[in-house]
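Step one of this worksheet: look at the structure below.
Residue numbers (UniProt numbering): 1 to 576.
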């Protein structure tokens, strides 16, 4: 885990490169407490849950939202819609007003926050004012402002909004509001969306669990003893409780996919530079060895498509110099054809737990029954991928991460140890990038050669694999083992579009422990396998990861995700 910053040379008192001035170490806890108190005060008293309820919460708090009595029946109906297109249609035809939709989601988000601690910045007043303006515009002109007219959208804490903090869980960033909107925020508002809150992240962002010294820990609404994932864990918890219809996260090594896996959501990690990153606060900005990317999180493929179609349709490359100019296509894929699908259960590092294996096996079997060809995924050097991700992520010796710790706050125990790594020279970094490029070339070669395994002589169209080797896990108090999340970091290293699709839930009978399928890969693998017990993961969702082996084809990926979803749903119907 990240070592205490005190073991490093003392942080300089002059202004560091990122412009964050050093503050008195004794004050960080005071500032954090004040920030948290100010946040709490923004929840209206009429929207507060009674302490008697909060003191006796069940592990699964999902039923509490509708049962607590704060939401009207109509508000429950509005917020339990999973498809953004449905809400947008009802907003356009006047069945719903923007104000009532915004108020319903603001209230449900307030409830979700009290149950899971998922929010950072609460923007309810501004959201309701914006909704009123949108209703007035529609009444006056008869036309919506844009394709996202009146749709409430939540954002991960990193997205800059003028005059609002983007702390990223660092106490040194408290009270340093953004001077201007990020490009994405401007685009969303131009498209008619209503931004109503920002959501929690882990300090450093480099963690698979959401916890920080400013806002605290976010828990999983399906089981409060489990993590909501990271680093977009606040979004994951909020969406799982239906406190948002559509959220936006970021993904470096799995920060959209891991929370989606933990919370049972659809999450899309696009190719880097597909969507505008300009104006997004981040650690390690300017590093191009492996880059973070923006992507949507939701409870349906429909909502992911609504977001991507609208944002890409707004031509973000005109506003962010790094964004690649590639229009959104409904799909260039002939979905009537038989797909060639590669699948994987294990990667030679750690065996996936029984419920993960069941999720993959049942998904692959359903696809085969639907007429698609399924073949094993072979040839990837997963150990090399793991090593490359670690070296690239720590290439600066942790200098940038440590620069955010000027307040003297401790580093959370869940953070990955990149701040304690050894910095590379320019020559060493160049050699590392050549290793990365060779890894990418090897994958491209094995993808082409996979055509030999296809009945139609075509390389695989899609990969079906785990998101992690286990379900949403208990709060560890330490970093997650890198071997367990290699399933997400490898695709980030290759910079391929990937998404998550929920396919079920833990079944204590079907997912009972059993002997490993073969010899253990290592002592770590044996410890991991032996740690599995169904009761530990109560209510955890089953989610699979889908990967398009071709970059910038997110439209095709979502089209194939629908094929997978339809096959799985059809297969479940047959089993019944």
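A virtual CB, placed ideally from N, CA and C, is assigned to each residue, including glycine.
Just so you know, these numbers come straight off a predicted model, no measurement behind them.
- Straight-line spacing of the CA atoms in residue 292 and residue 497 works out to 12 angstroms.
- The beta carbon of residue 422 sits closer than 6 angstroms to those of 397, all from its chain and outside the five residues before and after it, given in chain order.
- Excluding its 5 nearest sequence neighbours in each direction, residue 36 has C-beta neighbours in its own chain below 8 angstroms: 214, 215 and 216, listed in chain order.
- With distances taken between CA atoms, residue 243 lies nearest to 298 out of 428, 298 and 147.
- Secondary structure note for residue 295: its beta strand (DSSP E) is the uninterrupted segment 293-298.
- The way I'd put it, the region 446-454 doesn't touch the region 498-518; fewer than three beta-carbon pairs between them come closer than 8 angstroms.
- Setting aside the 5 residues that flank it on each side, residue 461 is surrounded in the same chain by 339 and 340, each with a C-beta closer than 6 angstroms to its C-beta; the list follows chain order.
- A residue is called buried when at least 16 other Cβ atoms come within 10 angstroms of its Cβ; residue 52 does not meet this threshold and is exposed.
- The beta carbon of residue 399 sits closer than 8 angstroms to those of 423, all from its chain and outside the five residues before and after it, given in chain order.
- In the three-state reduction of the DSSP assignment, residue 435 falls in the helix class.
- In the assembly as shown, residue 465 is a buried residue. Its beta-carbon has 16 or more other beta-carbons within 10 Å.
- Each residue's CA atom was taken as its position, placing residue 283 and residue 142 some 44 angstroms apart.
- Residue 509 sits exposed, since fewer than 16 C-beta atoms from the chains shown fall within 10 Å of its C-beta.
- DSSP lists 194 as the bridge partner or partners of residue 152.
- Comparing alpha-carbon positions, the option among 469, 183 and 378 lying closest to residue 280 turns out to be 183.
- Here residue 157 is near residue 198, since their CB atoms are less than 8 angstroms apart.
- Contact between the region 82-92 and the region 44-58 is absent: fewer than 3 CB-CB pairs across the two stretches fall below 8 angstroms.
- Distances from the CA of residue 138 to each of 99, 304, 113 and 502 were compared; the closest alpha carbon is that of 99.
- At the C-beta level, residue 209 and residue 401 stay beyond 8 angstroms of one another.
- DSSP links residue 261 through a beta bridge to no other residue.
- Judged by their CB atoms, residue 463 and residue 549 are nearer to each other than the 8 angstroms cut-off.
- Three or more beta-carbon pairs drawn from the region 551-560 and the region 479-499 are found closer than 8 angstroms, and the two stretches are therefore classed as touching.
- Setting aside the 5 residues that flank it on each side, residue 360 is surrounded in the same chain by 343, 344, 345, 352, 464, 465, 466 and 544, each with a C-beta closer than 8 angstroms to its C-beta; the list follows chain order.
- Spatial neighbours of residue 439 in its own chain (CB-CB distance under 8 angstroms, excluding positions within 5 residues in sequence) are listed in chain order as 381, 384, 385, 388, 493 and 494.
- In this structure, residue 473 lies near residue 227, with their beta-carbon atoms less than 8 angstroms apart.
- Excluding its 5 nearest sequence neighbours in each direction, residue 123 has C-beta neighbours in its own chain below 6 angstroms: 196 and 197, listed in chain order.
- In its chain, beyond the 5 residues on either side, 374 have a beta carbon closer than 8 angstroms to the beta carbon of residue 368.
- Between the region 220-237 and the region 70-77, the count of C-beta pairs closer than 8 angstroms stays below three; the two stretches do not touch.
- If one requires a minimum length of 4 residues, the alpha helix (DSSP H) runs lying completely within the region 23-54 are 28-41 and 51-54, in chain order.
- Each of 570, 311, 204 and 146 was checked against the Cα of residue 285, and the nearest Cα belongs to 204.
- Taking C-alpha positions only, residue 568 is separated from residue 405 by approximately 46 angstroms.
- In this structure residue 427 is exposed. Its beta-carbon is surrounded by fewer than 16 other beta-carbon atoms within 10 angstroms.
- Within a 10 Å sphere around the beta-carbon of residue 165 sit 16 or more other beta-carbons, which makes this residue buried.
- The region 107-152 is shown to contain whole beta strand (DSSP E) runs of 3 or more residues at 119-122, in chain order.
- Excluding five sequence positions before and after residue 447, the CB atoms of its chain that fall closer than 6 angstroms to its own CB belong to 459 and 549, given in chain order.
- Annotation: residue 258 to residue 140 spans about 44 angstroms, alpha carbon to alpha carbon.
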